[in-house]
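Here the protein sequences come in this chain order: A and B.
The opening position of the first sequence corresponds to residue 0 in numbering that gives the first Met the number 0, with each subsequent residue numbered one higher.
The opening position of the second sequence corresponds to residue 0 in numbering that gives the first Met the number 0, with each subsequent residue numbered one higher.
Each residue gets a CB set at the ideal place from its N, CA and C atoms; glycine is no exception.
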Amino acid sequence: MRRKRLVILTTLAVLMLWGNMLFSISIDPRIHADLSRLWSTLLKVNSPHGYDMRFAELREALPKRGTVGYLGTLANEQIFEDVGESGAYYQTQYALAPLVVDNSWSHELVVGNFGDIEAAIKKVETLAGIKRVHDFGNGLVLITREK
Amino acid sequence: MCRLVGIALILVSLVCVPAIAGFCHLLLFRTLPTGPVFLDVLYAVIFFAPFLFFLRCRAPEKYLSDLGQDSLNHKWTFRLSLSLAAMVTLGIIIFAMLSIQAPHGEWDAKAIWNLHARFLFRGMEHWHDYLTPLLHWSHPDYPLLLPAAVARMWSLIGGEFPVVPIGIAFLFTFATVALLVGGVTMLHGKIKGLLAGILLLGTPNFIAHGASQYADVPLAFFYLAWAIIISLSYTQSGSCRAALIYLSFLMAACAAWTKNEGLLFLLAAVVVYIMVNLSAAGDKKPLARVQFLIAGCLPVLLLVILFKAEYAPANDIIGNQGLAETVGRITDPQRYLQIGRSFLGESIRFNNGVGVFMVLFLILTKPILNKSLETVTISGLLALMITGYFLVYLISPRNLYFHLGNSLDRISVQLWPTFIFLYFIAFDWKGKLVLSACGREKNSH
């Protein structure tokens, strides 16, 4: 009797674990990707799905090492309070490593990463001490400030 | 199953050796090597030498499976093996899908682990440029096993292919499953081993964290490796036992080189091991084995100490302590309540409440508590780790609500495989299931 109870409980436990796994799959929106993209994801350094491509031209225009500033849609002090803005800042640093991207306006070279390019242009036009602005498209700009 | 444990350990060592050797090469010669170097040979000897002694080890006594009769065993083993194989297959598909969606990993992978790997790979002699207060949010004090492994592999294959961090994450995730199944099987039989694997895979939080390319699953692997190897060492004697102690603490030192929590783990492992062995009855030279403990820790621990002393900035939790503020936090009863409630809540909520069902299973099946050395050791370790994490939250200068919310699930993932291991070695259902020669059920205890 005890053995039968253990067998039944173990079977139920295994079925519940299966149910747990399948339930988690059904509710996770990330687990619905196209498996045919696996090959290109693994082997292409700059796959069409990689956002490094977005920063490729900007990276070529920047020095290989050193520190540059950063400008986003929000003020620098507010960037870490917004999930989207902080994510954009982390992605910028990730793409431009080993350059250090300081969340600050106080550098000769400043990288701008904007979701809305028109708002970005308006913001940049209000800033003082700008020598040159180069638009790389996709919301990325490189601002050269006066020393 | 011995092979399963051995394969998991060897494959992970094949990642650790070039990672550690590559980083040492970078420190000494200011460049990542693009091929094998002397340091690879040196660390390969350090990691693989103990495996030579395992040929002398005797197989640990396998306990009767908890379902008794031989024919019933074979049927159950077959069904559970099928179930585990199906879950592994599904787990691999889930892992692949998550990796396609986020080939560079999730949030912390891009902000910390893979970012540090890029500084090591792209920066070369200037790799330490990220060790600046300007990037405080990237936790520059974090150890470098994972970034160094990724950077070294990129250096060996000549490019920043996403397959490298994805492959390393995949290895650690499924090596942990293999280690758990193999380890429980070697000590307590095939059926328990298969059930342990099913339990780990049936909690998909683990697969998702593995695919996120964070360091929590590699840390979980090293914690589990220590637990299993130490438990195996209790079944052996002589040079085999010495080699196992050495390897277990080498794994613990790798945990310390993976993440800051690994340092806490190494300390807890040393304390627990010494206390348990000093008090073990019949052990004539308990401290003689401490030399193997030290020999296992040193090769990697020296690197951790060098990095922390010479390069890494102060940790943001430890570095931002002031005497008055710390005393204030320690003496605030509200903090104890908040942390305690969070720990309890997490243990109930974790992986859709599977912990609750594990407790219910025990209540309904009434197993016997196995008061062995390994049960005491692993229980002591987990108790010390949870206490350590509690104290870290207690003194943390960060907003406690957000700190707990952002990190508690990851700490749970780190401890989860070891907790499953303890669950299956601490409880014995065999007493109720041993059949006499006449086939009647009897209770042998």
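Close-in-space but distant-in-sequence residues of the same chain around residue i (CB under 6 Å, 5 per side omitted)
i, result
"B:Thr33", "Ser154"
"B:Met152", "Val163"
"B:Val149", "Ala116, Val163 and Pro164"
"B:Ala242", "Pro49 and Phe52"
"B:Gly90", "Leu200 and Ile206"
"B:Ala7", "Ala174, Ala177 and Leu178"
"B:Thr30", "Met123"
Sequence-distant residues of its chain with Cβ nearer than 8 Å to residue i (five each side left out)
i, result
"B:Ile9", "Phe47 and Phe50"
"B:Ser64", "Here the model assigns B:Ser64 a pLDDT of 43, short of 50, so the residue's position is not dependable, and the following value carries that caveat. So the qualifying residues of the chain are Asn72, Trp75, Thr76, Gly188, Lys189, Ile190, Lys191 and Lys429."
"B:Gly157", "Thr33"
"A:Phe135", "Glu56, Leu57, Ala60 and Leu141"
"B:Ile197", "Leu79, Ser82, Leu83 and Met86"
"B:Leu305", "Leu26"
"B:Ala436", "Low local confidence applies: a pLDDT of 33 at B:Ala436 is under 50, so the model's placement there is unreliable, with the coordinate-based value given in what follows. Cβ neighbours of B:Ala436 beyond the five flanking positions: none."
Residue i in three-state terms, based on DSSP
i, result
"A:His133", "strand"
"A:Gly68", "strand"
"A:Ile142", "strand"
"B:Asn204", "helix"
"B:Asn72", "helix"
"A:Val100", "strand"
"A:Asp81", "coil"
"B:Asp65", "Summary for B:Asp65: the model assigns pLDDT 41, below 50, so the residue's position carries little reliability, and this model does not support an answer."
"B:Pro132", "helix"
"B:Pro312", "coil"
"A:Lys63", "coil"
"B:Ser137", "helix"
"B:Trp256", "coil"
"B:Val36", "coil"
"B:Asn405", "helix"
"A:Ser35", "helix"
"B:Asn398", "coil"
"B:Ile29", "First, the residue type needs correcting, since residue 29 of chain B is Arg and not Ile in the sequence shown. Three-state DSSP puts B:Arg29 in coil, outside helix and strand."
"B:Leu249", "helix"
"B:Gly5", "helix"
"A:Gly18", "helix"
Pairwise C-alpha distance: residue j and residue i
i, j, result
"B:Val299", "B:Met250", "9 Å"
"A:Arg145", "A:Glu107", "The question names Arg, but residue 145 of chain A in the sequence shown is Glu. Those two C-alpha atoms are separated by around 7 Å."
"B:Gly354", "B:Ala224", "22 Å"
"B:Phe205", "B:Val216", "8 Å"
"B:Tyr62", "B:Gly182", "Low confidence applies here, because B:Tyr62 scores a pLDDT of 45, under 50, leaving its location unreliable; read the following figure in that light. Computed Cα separation, rounded: 13 Å."
"A:His48", "B:His103", "Its pLDDT being 49, under 50, A:His48 is placed unreliably in this model, and the value from its coordinates should be taken loosely. Near 11 Å, if we compare the C-alpha coordinates of B:His103 and A:His48."
"A:Leu21", "A:Val13", "12 Å"
"B:His127", "B:Phe418", "37 Å"
"B:Gln68", "A:Arg2", "Low local confidence applies: a pLDDT of 44 at B:Gln68 is under 50, so the model's placement there is unreliable, with the coordinate-based value given in what follows. B:Gln68 and A:Arg2: Cα-Cα distance of roughly 11 Å."
"A:Gln92", "B:His115", "11 Å"
"B:Thr257", "B:Leu218", "7 Å"
"A:Asn19", "B:Gln100", "22 Å"
"B:Tyr222", "A:Pro97", "32 Å"
"B:Gly438", "A:Ser25", "In this prediction, B:Gly438 scores a pLDDT of 37, lower than 50, which makes its location untrustworthy; no coordinate-derived value is stated."
"B:Pro146", "B:Leu119", "8 Å"
"A:Ser23", "A:Tyr69", "38 Å"
"A:Gly234", "B:Ala287", "Since the displayed chain A opens at 0 and closes at 146, residue 234 of chain A lies outside it and no answer follows."
"A:Arg7", "A:Asp81", "The amino acid at residue 7 of chain A is misidentified as Arg; the sequence shows Ile. Whole-angstrom Cα-Cα distance: 50 Å."
"B:His402", "B:Pro132", "20 Å"
"B:Gln235", "A:Val99", "52 Å"
"A:Ser35", "B:Leu343", "42 Å"
"A:Pro28", "B:Ser211", "15 Å"
"B:Pro416", "B:Tyr42", "27 Å"
Cross-strand partners of residue i (DSSP beta bridge)
i, result
"B:Phe426", "B:Leu368"
"A:Gly111", "A:Leu70 and A:Val140"
Check whether residue i and residue j have beta carbons under 8 Å apart
i, j, result
"B:Leu179", "B:Phe420", "yes"
"B:Leu262", "B:Leu83", "no"
"B:Phe264", "B:Thr172", "no"
"B:Phe426", "B:Asn350", "no"
"B:Leu186", "B:Ser230", "yes"
"A:Gly111", "A:Ala87", "no"
"B:Pro203", "B:Ala311", "no"
"B:Phe248", "B:Cys296", "yes"
Neighbourhood of residue i by C-beta distance below 7 Å, restricted to the same chain and skipping five residues each side
i, result
"B:Ser137", "Ala110, Ile111, Leu114 and Tyr129"
"B:Gln337", "Leu399"
"B:Arg240", "Ser232"
"A:Val132", "Val123, Val140 and Ile142"
"B:Ala214", "Trp112, Leu145, Thr257 and Lys258"
Contacts of residue i in chain C (Cβ-Cβ under 7 Å)
i, result
"A:Ala96", "The chain inventory of the structure shown lacks chain C, comprising the protein chains A and B."
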